[in-house]
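Student: My structure is below; once you've seen it, I'll send some questions.
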Amino acid sequence: MGRDNLQHEFASRRLRHATRRHFLKDCATGLGAMWFAMQSQRPAAASGAPAGFLAPPARAKRVIYLHMVGAPSQLELFDFKPELKRVDGELCPESFLEGKRFAFLQGRPRMLGPIYPFKQHGESGAWFSDRLPHMARCADDFCVVKTLQTDQFNHGPAQLMVHAGQPRMGYPAIGSWVTWGLGTDNADLPGFIVLLSGGRQPRVGKALWSSGFLPSVYQGVQCRGEGDPVLNIANPDGVTRADRRALIDTLDALNEQTYEEFGDPETLTRTEQYELAFRMQAAAPDAMDISREPAEVLGRYGAQPGGESFANNCLLARRLVERGVRFVQLFDWGWDSHGSNASEALDDGFRAKCRQVDRPTAALVEDLRERGLLEDTLVVWGGEFGRTPMQENRGGVTSPYYGRDHNPNAFTVLMAGGGVRGGYTHGETDAMGYDVVRDPVPLRDFHATMLRLLGVDHERMTFPFQGLDQKLTGVKPARVVEQLLA
331 MGRDNLQHEF ASRRLRHATR RHFLKDCATG LGAMWFAMQS QRPAAASGAP AGFLAPPARA
391 KRVIYLHMVG APSQLELFDF KPELKRVDGE LCPESFLEGK RFAFLQGRPR MLGPIYPFKQ
451 HGESGAWFSD RLPHMARCAD DFCVVKTLQT DQFNHGPAQL MVHAGQPRMG YPAIGSWVTW
511 GLGTDNADLP GFIVLLSGGR QPRVGKALWS SGFLPSVYQG VQCRGEGDPV LNIANPDGVT
571 RADRRALIDT LDALNEQTYE EFGDPETLTR TEQYELAFRM QAAAPDAMDI SREPAEVLGR
631 YGAQPGGESF ANNCLLARRL VERGVRFVQL FDWGWDSHGS NASEALDDGF RAKCRQVDRP
691 TAALVEDLRE RGLLEDTLVV WGGEFGRTPM QENRGGVTSP YYGRDHNPNA FTVLMAGGGV
751 RGGYTHGETD AMGYDVVRDP VPLRDFHATM LRLLGVDHER MTFPFQGLDQ KLTGVKPARV
811 VEQLLA
């Protein structure tokens, strides 16, 4: 249901559950206070007042965000630097180290040229390495942003910055902001769904899809790629759907009593979550069952029903947005290429990760395009920061494997569909790919641009918390990067 409808339902429940005792207890402010409470439940956008946060036209209706956990090396994928290849093996310039913080680099490391060959692709001439041949086929769909910047150089805080706009836990994820602001088009499925692959959760776990200080009904719902999509979604043996309905009705009655006694709005959230879970029992198994897809589609993605993989999750993402889910977030673990062992090496484990994501990412973009969904579905692909042009030398010792340390100064994100400017490369880094020399894009500007594509004004979509009108973009000035818009 839309955000307006959901808020109206919350307000209606409050009024239905209000007893004469509560009315009299609160009568110091009386009917005026009740009217004001009703008005406060209406989103600003619904009133049509200037204070509303909608900024039409919305070019995107939904988002699929593909996050490569650990931060893939832009220097091996998108940001071709022939000069870096020329200085491969030379000692790093002292100027690269002065006043900088690193996770593991020590002393004076050596420069490391790009490991893989690059070619230009499509009419746009976008650079892709040979590690991503399928994604390169979609070069003219992608808007390649080479100059993202963050102020965090460790994974957990940097991932929070990408997804919540703050390096600390307790803030809403962008998927929560979007569903709070815009609602969802399918009342039988969560508006914000999270899918994991790679065998591990991100460093800060569920904080990346938390609703923070927003009502908890807007938090992301993690679904599984194998087995039941949500634990305990199937009724136990001997329990019918009618039995489950009777149980939910009983829980609703108990929650009504609790709300009458304490008046906590989170009690209403709990009731709504029970109701959503009941509806999901019918809708989720169908939506999450990729075995219903034709063999040709499964082969195109490289998906295998019954398992957990990035390919399966990309196909699931398409099925979910088809059914009206507003925000689908994928996290794929395994991109932290320090070179401390084979699995983290740019010349070993990195190859395997590229093979795992290349085909399904391209299949997702092409599938959405062919179904007429890409034009209003925003697809984002990226990590939490970039990698250094210097080879990592953990402990001051050069590893036998190739690897790079964290670099918050510049990293690359791909965007497609949803009103972005396909076939466009934004910004430029220096000859070593170390820092931005033209058109920097701080994360707050990136968030402002995403919200603008969804038809939301980042300055006016606020939520009062701890004495501040909180925003996804934070307190520093943020701007929409107009060059990224089609």
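Heads up: the sequence shown begins at 331 in this note's numbering, then just goes up one per residue. Where a beta carbon is used, it is the ideal one built from N, C-alpha and C, also for glycine. All values reported here derive from a predicted model rather than from experimental measurement.
(1) Can you round the beta-carbon distance between Y764 and N723 to whole angstroms, since I take them to be within the 8 Å contact cut?
(2) In angstroms, rounded to a whole number, what distance separates the CA positions of K411 and K449?
(3) For the stretch 601 to 689, which segments carrying the alpha helix (DSSP H) assignment without a break, of at least 4 residues, lie completely within its bounds, in sequence order?
(4) Do D775 and G757 come within 7 Å of each other at the CB atom, strictly closer than that value?
(5) At a cut of 8 Å, does the stretch 649 to 657 reach the stretch 624 to 640 through at least three beta carbon pairs?
(6) Can you check DSSP and say which residues form a bridge with E596?
(7) Measure the Cβ-Cβ separation of R790 and F383 and say whether it is below 7 Å.
(8) Since T742 and V655 are thought to touch, with beta carbons under 8 Å apart, how far apart are those beta carbons, to the nearest angstrom?
(9) Could you name each continuous beta strand (DSSP E) segment of 3 residues or more that falls completely within the stretch 429 to 496, going from the start of the chain to the end?
(10) How many whole angstroms separate the CB atoms of A746 and V695, which I take to be in contact at a CB cut-off of 8 Å?
(11) Measuring only the C-alpha atoms, how far is G479 from E714?
(12) Write down every uninterrupted run of the alpha helix (DSSP H) in the stretch 681 to 764 whose length is 4 residues or greater and which is fully enclosed by it, in chain order.
(13) Just to confirm the assignment, what range does the beta strand (DSSP E) spanning G799 have?
(14) Where G804 and G511 are concerned, what is the direct C-alpha to C-alpha distance, given to the nearest angstrom?
(15) Helix or strand or just coil, what does DSSP make of A374?
(16) Does DSSP put Y768 in a helix, a strand or coil?
(17) Is the beta carbon of L814 closer than 7 Å to that of C468?
(18) If you draw a straight line from the C-alpha of L676 to the C-alpha of D706, how long is it?
(19) Quick one: give me the first and last residue of the beta strand (DSSP E) that V393 is part of.
(20) Measure the Cβ-Cβ separation of A390 and L708 and say whether it is below 7 Å.
(21) Tell whether a beta-carbon distance below 7 Å holds between D460 and G752.
(22) Sort V475, Y731 and L427 by Cα distance to V771 and report the nearest one.
(23) Report the option in S527, I578 and W663 whose CA atom is closest to the CA atom of L645.
(24) May I ask you to report which of helix, strand or coil DSSP gives V820?
(25) Answer yes or no: do L414 and L660 have a C-beta to C-beta separation smaller than 7 Å?
Tutor: Let's see:
(1) Counting from one through the sequence shown, the residue named residue 764 turns up at place 434. Counting from one through the sequence shown, the residue named residue 723 turns up at place 393. So it is not a contact: roughly 16 Å between Cβ atoms.
(2) Walking along the sequence shown from the start, residue 411 turns up at place 81. Walking along the sequence shown from the start, residue 449 turns up at place 119. Roughly 12 Å separates the two Cα atoms.
(3) If only uninterrupted alpha helix (DSSP H) runs of at least 4 residues are considered, those enclosed by the stretch 601 to 689 are 625 to 631 and 640 to 652.
(4) For the purposes of this step, residue 757 is taken as residue 427 along the sequence shown, with counting starting at 1. For the purposes of this step, residue 775 is taken as residue 445 along the sequence shown, with counting starting at 1. Result no, Cβ atoms of G757 and D775 do not sit closer than 7 Å.
(5) The answer is no - the stretch 624 to 640 does not touch the stretch 649 to 657, with fewer than three Cβ pairs under 8 Å.
(6) The residue you call residue 596 lines up with position 266 of the sequence shown. The partner list for E596 (beta bridge, DSSP) is empty, contrary to what the question assumes.
(7) Locating residue 790 in the sequence shown gives position 460, counting from the first residue. Locating residue 383 in the sequence shown gives position 53, counting from the first residue. Yes.
(8) Within the sequence shown, numbered from 1, the residue matching residue 742 stands at position 412. Within the sequence shown, numbered from 1, the residue matching residue 655 stands at position 325. Actually they do not touch by this definition, with Cβ atoms about 27 Å apart.
(9) Contiguous beta strand (DSSP E) elements confined to the stretch 429 to 496 occur at 448 to 451, 456 to 459 and 472 to 479, taking only those with 3 or more residues.
(10) Here the question's residue 746 lines up with position 416 in the sequence shown. Here the question's residue 695 lines up with position 365 in the sequence shown. Contact flag correct, Cβ pair sits at about 5 Å.
(11) Stepping through the sequence shown from its first residue, residue 479 is reached at position 149. Stepping through the sequence shown from its first residue, residue 714 is reached at position 384. Note on residue identity: the sequence assigns Gln, not Gly, to residue 479. Going by C-alpha positions, Q479 is about 9 Å away from E714.
(12) Complete alpha helix (DSSP H) runs here, min 4: none at all.
(13) Along the sequence shown, one-based indexing puts residue 799 at 469. Reading off the sequence, residue 799 comes out as Asp, not Gly. Element bounds for D799: L798 to Q800.
(14) Walking along the sequence shown from the start, residue 804 turns up at place 474. Walking along the sequence shown from the start, residue 511 turns up at place 181. Their backbone Cα atoms lie some 17 Å apart in a straight line.
(15) Locating residue 374 in the sequence shown gives position 44, where the first residue counts as 1. Bear in mind that the predicted position of A374 carries a pLDDT of just 37, short of 50, making it unreliable; the figure below should be weighed with that in mind. A374 falls in the helix class under three-state DSSP.
(16) Reading the sequence shown from its first residue, position 438 is the one you call residue 768. Just to set this straight, residue 768 is Arg in the shown sequence, not Tyr. Secondary structure of R768 (DSSP, three-state): strand.
(17) Within the sequence shown, the letter at position 138 stands for residue 468. Within the sequence shown, the letter at position 484 stands for residue 814. Their beta carbons are not under 7 Å apart, which means C468 does not touch L814 by this criterion.
(18) Within the sequence shown, numbered from 1, the residue matching residue 676 stands at position 346. Within the sequence shown, numbered from 1, the residue matching residue 706 stands at position 376. The alpha-carbon atoms of L676 and D706 are separated by roughly 35 Å.
(19) Along the sequence shown, read from residue 1 onward, the residue named residue 393 stands at position 63. Taken as a continuous stretch (DSSP letters only), the beta strand (DSSP E) holding V393 covers R392 to V399.
(20) Taking the first residue of the sequence shown as position 1, residue 390 is located at position 60. Taking the first residue of the sequence shown as position 1, residue 708 is located at position 378. Judged by their CB atoms, A390 and L708 are nearer to each other than the 7 Å cut-off.
(21) Position 130 of the sequence shown holds residue 460. Position 422 of the sequence shown holds residue 752. D460 places its beta carbon 7 Å or farther from that of G752.
(22) Here residue 771 refers to the residue found at position 441 when the sequence shown is read from its first residue. The residue among V475, Y731 and L427 with its C-alpha nearest the C-alpha of V771 is V475.
(23) What you label residue 645 is simply residue 315 of the sequence shown in a count that begins at 1. For L645, the nearest C-alpha among the options comes from S527.
(24) With the chain represented from 331 up to 816, any question about residue 820 goes unanswered, as that position is not in the structure.
(25) Here residue 414 refers to the residue found at position 84 when the sequence shown is read from its first residue. Here residue 660 refers to the residue found at position 330 when the sequence shown is read from its first residue. No. Outside cutoff.
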